[in-house]
Amino acid sequence: MYQKNGILHFIEVKSASVGAKSGFEPIYNITPSKIEKLISTIGFYLSTQNLTQEYCLDVLIIKGGYIEFIENITLC
0 MYQKNGILHF
10 IEVKSASVGA
20 KSGFEPIYNI
30 TPSKIEKLIS
40 TIGFYLSTQN
50 LTQEYCLDVL
60 IIKGGYIEFI
70 ENITLC
């Protein structure tokens with residue numbers, strides 16, 4: 000988690016090892032169901048910490064030597 004311009008960013012990391020199944024893309028493990036669970040968990044965290052600021056969910060994808068950062072997949 001980090002803060003940028005007053006918005007809390009929570010980061011989900013997805014990766015695939017070099018020896019993983021050929022053609023596997025880690026991004027496909029981020030399903031609508033997974034996003035709902037993450038948002039619920041973030042909401043719980045914010046409420047227990049008495050935080051009311053805006054947040055968004057980002058994704059860090061790592062596959063071999065490739066790294067991609069996708070900001071705000073929740074479009075909050």
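According to numbering that gives the first Met the number 0, the residues represented by the sequence shown are 0 to 75, in order.
Beta carbons are placed, not taken as given, at the ideal position from N, Cα and C, and that holds for glycine.
- In the DSSP annotation of this structure, the continuous segment of the alpha helix (DSSP H) that includes Phe43 starts and ends at Pro31 to Thr47.
- The residue among Leu37, Ile66 and Gly64 with its C-alpha nearest the C-alpha of Tyr54 is Leu37.
- Leu7: member of the beta strand (DSSP E) spanning Ile6 to Ala15, first to last residue.
- For Ile41, the number of other beta carbons within 10 angstroms of its own is at least 16, and it is reported as buried.
- Comparing alpha carbon positions, the residue from Thr30, Asn4, Ala15 and Glu24 closest to Ile72 is Thr30.
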